[in-house]
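Beneath this line is the structure, given in structure tokens, with notes to follow.
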């Protein structure tokens with residue numbers, strides 16, 4: 011179906027932070043499959059893990075135990091707030107699991123009227139009917155009505171608006187700690203802590219969408235760690251599979267108490283291939299020094315981008331984000347900037363608020379930072 015406005019490029023291979031097209035061109039990939047390829051392309055460690063598993067077993071379904079799924083779940087719970095994990099194939103499925111879990115939690119407690127979830131303007135939680143109903147962005151919902159009821163939208167970052175939206179039917183608050191599609195808009199530490207407090211005061215669950223900002227992207231394993239809080243439920247995907255389709259819904263035992271046998275399922279979710287790669291990704295992301303590297307290289311890139319903004323104020327208006335989830339607010343239309351960068355050999359991702367996203371593999375080095383900044387500088391001069 012013609013649902014994508016695809017660039018007229020076909021990539022035939024990738025190596026580390028670079029992609030090579032069939033016409034011979036090489037691109038520095040600061041899109042990373044939209045924050046997915048956290049270890050770059052054709053990473054030898056991931057290739058070995060996937061190949062070894064492919065020679066043994068691909069799929070059995072969740073009618074049976076899956077060894078790789080059990081080990082990955084144990085490792086994720088050991089490294090996070092969570093006690094339990096449901097594996098999916100995508101971020102949207104992980105988010106849907108979280109939304110269902112929230113309703114089931116209150117239902118089993120006897121609070122059957124508590125079904126509503128507070129969500130935020132410019133959010134993006136996926137393309138399912140429930141996810142677009144939660145975000146309510148015009149570009150996502152036009153022509154797909156009627157929307158599913160149960161979501162109350164408030165301005166991002168406005169704690170008073172959240173407080174005013176709470177009723178005796180409110181079950182949870184759901185947000186991305188850093189909005190990706192919405193324009194690399196980060197919730198402040200005070201805002202995130204305030205949401206946690208509100209949930210505790212009103213018996214609600216805090217549901218975080220870390221599909222894009224999680225798995226080391228900000229320099230912590232998950233972005234909420236910067237605020238010193240913990241959610242009750244969290245959707246994860248993208249980087250967790252390093253390029254192989256994998257998602258997960260993490261939760262506390264209390265929050266997931268209603269998710270008993272038969273209440274939810276997935277044919278493919280957490281199959282042997284996916285969890286073999288997921289375990290390999292986690293091996294690398296949890297290695298000593300890996301997240302420190304993300305913080306250091308992210309800080310370097312952010313500093314270099316700030317200099318670029320100062321030198322090209324008509325093209326770039328400001329830098330946003332944390333770690334290696336960064337955005338440049340643009341003067342020209344972001345679509346034009348993305349096309350111009352691509353013509354000069356740098357891949358990026360457009361976002362809301364007229365922001366270009368820079369989401370490179372997490373294992374890039376200083377040389378790739380300097381190469382990207384040089385391309386950005388060259389492009390800025392062309393766009394004046």
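In my numbering, the protein residues as written are 11 to 394.
For each residue, glycine too, the CB sits at the ideal point set by N, CA and C.
For residue 206, the enclosing alpha helix (DSSP H) stretches over residues 199-212. Where residue 45 is concerned, the enclosing alpha helix (DSSP H) starts and stops at 42-45. The beta-bridge partner set that DSSP reports for residue 330 consists of 337.
Ranked by Cα distance from residue 240, the options 323, 227, 120 and 265 are led by 265. With contacts defined by Cβ atoms closer than 9 Å, residue 364 and residue 343 form a contacting pair. By alpha-carbon distance to residue 167, the top candidate from 267, 272, 196 and 100 is 196. Taking each of 335, 49 and 309 in turn and checking the Cα distance to residue 222, the smallest one comes out for 335. In terms of Cα proximity to residue 318, the closest of 287, 34, 260 and 387 is 387. In the three-state DSSP reduction, residue 20 falls in the coil class, being neither helix nor strand. The beta carbon of residue 254 lies closer than 6 Å to those of 284 and 287 in the same chain, with the five residues before and after it left out.
Contact check for residue 250 and residue 225: beta-carbon distance about 5 Å, within the 8 Å limit, so the pair qualifies.
Secondary structure at residue 222: coil, using DSSP grouped into helix, strand and coil. By the C-beta density criterion, residue 57 is exposed, having fewer than 16 other C-beta atoms within 10 angstroms. DSSP places residue 357 within a strand segment (E or B) once states are collapsed to three. Shown here for residue 41: same chain residues with a beta carbon closer than 7 Å to its own, the five before and five after excluded, namely 357, 358, 359 and 369 in chain order.
Ranked by Cα distance from residue 183, the options 29, 194, 165 and 85 are led by 165. Only exposed fits residue 11, as fewer than 16 other CB atoms lie within 10 angstroms of its CB. Here residue 393 is near residue 350, since their CB atoms are less than 9 Å apart.
With a beta-carbon spacing of about 7 Å, residue 172 and residue 205 fall inside the 8 Å limit used to define contacts. Residue 30 has 23 and 36 as its beta-bridge partners, per DSSP. Contact annotation: the stretch 63-73 does not touch the stretch 300-307, with fewer than three C-beta pairs closer than 8 Å. The alpha-carbon of residue 332 is positioned some 9 Å away from that of residue 194. Put simply, the stretch 74-89 does not touch the stretch 143-150. Fewer than three CB pairs are less than 8 Å apart. Rounded to whole angstroms, the separation of the alpha carbons of residue 377 and residue 154 is 45 Å. With respect to the 9 Å criterion, residue 150 and residue 161 are not classified as neighbours on the basis of their beta carbons. Residue 186 is not a Cβ neighbour of residue 141, given a cutoff of 9 Å. Where residue 101 is concerned, the enclosing alpha helix (DSSP H) starts and stops at 101-119. Runs of alpha helix (DSSP H) with 4 or more residues, each lying fully within the stretch 57-104, are found at 77-89, listed in chain order.
For residue 125, the closest of 117, 98 and 311 by C-alpha to C-alpha distance is 117. In the same chain as residue 47, and ignoring 5 residues on each side of it, the C-beta atoms closer than 7 Å to its own belong to 252, 253 and 371, in chain order. With respect to residue 50, residue 25 sits close: the two C-beta atoms are nearer than 9 Å. The residues 134, 361 and 362, in chain order, have a CB closer than 7 Å to that of residue 191 in the same chain once the five nearest residues on each side in sequence are set aside. By the criterion of a C-beta distance shorter than 6 Å, residue 86 is surrounded in its chain by 95, once the five residues flanking it on both sides are discounted. Contact between residue 352 and residue 17 holds, since their C-beta atoms are separated by about 7 Å, short of 8 Å. Proximity to residue 246 across 159, 339, 259 and 84 peaks at 259, based on C-alpha coordinates. Scanning its chain for C-beta atoms nearer than 8 Å, with the 5 sequence neighbours on each side dropped, one finds around residue 176 the residues 128, 208, 212 and 214, in chain order.
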